[in-house]
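**Student:**
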Amino acid sequence: MKVVIIGAGGHGQVVADILFHMWAKGRDLELMGFLDDDSSLAGKEFLGLKVLGNVDKLDDIGHEAVIVAIGDNRTRLEMTERLKDEQLITAIHPSAVLAPDVSIKAGAMVCAGAVVNPGTTVGRGAIVNTGATVDHHNAIGEFSHVAPGVNLGGEVHVGEGALVGLGASIVPRLSLGDWCVVGAGAVVTRDVPANETWVGVPARKIS
Numbered sequence: 019m020k021v022v023i024i025g026a027g028g029h030g031q032v033v034a035d036i037l038f039h040m041w042a043k044g045r046d047l048e049l050m051g052f053l054d055d056d057s058s059l060a061g062k063e064f065l066g067l068k069v070l071g072n073v074d075k076l077d078d079i080g081h082e083a084v085i086v087a088i089g090d091n092r093t094r095l096e097m098t099e100r101l102k103d104e105q106l107i108t109a110i111h112p113s114a115v116l117a118p119d120v121s122i123k124a125g126a127m128v129c130a131g132a133v134v135n136p137g138t139t140v141g142r143g144a145i146v147n148t149g150a151t152v153d154h155h156n157a158i159g160e161f162s163h164v165a166p167g168v169n170l171g172g173e174v175h176v177g178e179g180a181l182v183g184l185g186a187s188i189v190p191r192l193s194l195g196d197w198c199v200v201g202a203g204a205v206v207t208r209d210v211p212a213n214e215t216w217v218g219v220p221a222r223k224i225s
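Note that this note's numbering has the sequence shown beginning at 19, numbered continuously upward.
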């Protein structure tokens with residue numbers, strides 16, 4: 019399968035590395051290169067793959083699928099909607115540990131060393147980043163981001179577009195609202211409403 023990676027920034031390069039590891043484990047993938055609307059990246063090379071131009075050039079590149087590998091949640095959502103007619107693939111690092119009944123939706127990314135336990139759903143375009151642990155029966159919303167080193171207890175609901183920052187911990191059976199932000203290192207012991215930012219130990223609203 020010929021794949022174009024949308025986004026050549028840091029997260030895009032992480033996703034390229036995941037796809038290379040998937041190919042090494044026997045997945046039928048041919049990485050065509052990156053596309054990025056940052057014109058300063060055109061012609062540059064990362065992990066042996068070239069930035070072939072901006073996203074409008076996608077139709078000029080022979081491909082069968084794309085992955086939107088942009089770290090910012092809202093930008094990733096907007097780009098995915100822009101490319102709604104494209105086939106999305108998922109990126110799951112071979113070192114990730116997934117229970118057999120875990121559901122990973124199209125365009126999601128599960129990075130190296132992540133653990134996703136039984137009964138969990140990872141939504142379309144979501145990121146479960148490096149070394150994150152997601153306990154049983156979680157619901158990871160579309161275009162959310164569970165950052166590196168996060169620990170989610172059982173039965174946690176992460177809303178659409180929510181950002182759970184580096185190393186944060188969420189106790190079981192809580193809900194993180196759509197487009198909320200949980201700061202790095204926070205310990206969340208109560209539900210976080212939509213569109214709010216919570217930080218600290220225990221976490222408290224700051225905006």
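From the three backbone atoms N, C-alpha and C, an ideal C-beta is built for every residue, glycine too. Quick caveat: nothing in here was measured; it's all calculated off a predicted structure.
Measure from the alpha carbon of residue 87 to the alpha carbon of each residue in 134, 161, 113 and 153, then state which is nearest.
**Tutor:** Taking the first residue of the sequence shown as position 1, residue 87 is located at position 69. Checked all of 134, 161, 113 and 153; the closest Cα to residue 87 is 161.
**Student:** With a threshold of 6 Å on Cβ separation, who are the neighbours of residue 106 within its own chain once the five nearest residues in sequence on each side are excluded?
**Tutor:** The sequence position of residue 106 within the sequence shown is 88, counting from 1. Excluding residues within five positions, the ones whose Cβ falls inside 6 Å are 124 and 125.
**Student:** For residue 163 and residue 113, what's the separation of their Cα atoms in angstroms?
**Tutor:** Here the question's residue 163 lines up with position 145 in the sequence shown. Here the question's residue 113 lines up with position 95 in the sequence shown. The straight-line gap from Cα to Cα measures roughly 19 Å.
**Student:** Which ranges does the alpha helix (DSSP H) cover as unbroken runs of at least 4 residues, wholly within the region 24-59, from first to last along the chain?
**Tutor:** Counting whole runs of 4 or more residues, the region 24-59 contains the alpha helix (DSSP H) stretches 28-42.
**Student:** Out of 109, 138 and 130, point me to the one whose CA is closest to residue 120's CA.
**Tutor:** Locating residue 120 in the sequence shown gives position 102, where the first residue counts as 1. Per the Cα distances, 138.
**Student:** Do you know offhand how far residue 33's Cα is from residue 165's?
**Tutor:** Taking the sequence shown and counting its residues from 1, the one referred to as residue 33 is at position 15. Taking the sequence shown and counting its residues from 1, the one referred to as residue 165 is at position 147. For residue 33 and residue 165, the distance between alpha carbons rounds to 14 Å.
**Student:** Exposed or buried, which one is residue 98 when buried takes at least 16 other CB atoms within 10 Å?
**Tutor:** Position 80 of the sequence shown, counted from the start, is the residue given in the question as residue 98. Residue 98 comes out buried.
**Student:** Compute the Euclidean distance between the alpha carbons of residue 19 and residue 46, then round it to the nearest angstrom.
**Tutor:** The sequence position of residue 19 within the sequence shown is 1, counting from 1. The sequence position of residue 46 within the sequence shown is 28, counting from 1. So the two alpha carbons sit approximately 6 Å from each other.
**Student:** Beta-carbon separation of residue 52 and residue 30 under 8 Å?
**Tutor:** In the sequence shown, counting from the first residue as 1, residue 52 sits at position 34. In the sequence shown, counting from the first residue as 1, residue 30 sits at position 12. For residue 52 and residue 30, yes; Cβs fall inside 8 Å.
**Student:** Determine whether the beta carbon atoms of residue 84 and residue 21 lie at a separation below 8 Å.
**Tutor:** As a working mapping, residue 84 is identified with position 66 in the sequence shown. As a working mapping, residue 21 is identified with position 3 in the sequence shown. Contact flag set, yes.
**Student:** Can you name the start and end residues of the alpha helix (DSSP H) that residue 93 belongs to?
**Tutor:** Within the sequence shown, numbered from 1, the residue matching residue 93 stands at position 75. Counting along the chain, the alpha helix (DSSP H) containing residue 93 begins and ends at 91-100.
**Student:** By the 10 Å Cβ neighbour count, where 16 or more other Cβ atoms means buried, how is residue 178 classified, buried or exposed?
**Tutor:** Counting from one through the sequence shown, the residue named residue 178 turns up at place 160. Looking at its Cβ environment, which holds 16 or more other Cβ atoms inside 10 Å, residue 178 is buried.
**Student:** What are the boundary residues of the beta strand (DSSP E) that residue 83 is part of?
**Tutor:** The residue labelled residue 83 in the question sits at position 65 within the sequence shown. Note, residue 83: beta strand (DSSP E), 83-86.
**Student:** Suppose contacts are defined by Cβ-Cβ distances below 8 Å. Is residue 194 in contact with residue 210 by that definition?
**Tutor:** Position 176 of the sequence shown holds residue 194. Position 192 of the sequence shown holds residue 210. Cβ atoms of residue 194 and residue 210: closer than 8 Å.
**Student:** Could you check the C-alpha separation between residue 118 and residue 224 for me, to the nearest Å?
**Tutor:** For the purposes of this step, residue 118 is identified with residue 100 of the sequence shown, where counting begins at 1. For the purposes of this step, residue 224 is identified with residue 206 of the sequence shown, where counting begins at 1. Their Cα atoms are separated by approximately 39 Å.
**Student:** To the nearest angstrom, how far is the alpha carbon of residue 180 from that of residue 78?
**Tutor:** Here residue 180 corresponds to residue number 162 of the sequence shown, with the count starting at 1. Here residue 78 corresponds to residue number 60 of the sequence shown, with the count starting at 1. Rounded to whole angstroms, residue 180 to residue 78 spans 34 Å at the Cα level.
**Student:** Pick from 221, 154, 143 and 144: whose alpha carbon is nearest that of residue 133?
**Tutor:** Within the sequence shown, the letter at position 115 stands for residue 133. Comparing Cα positions, the closest option is 154.
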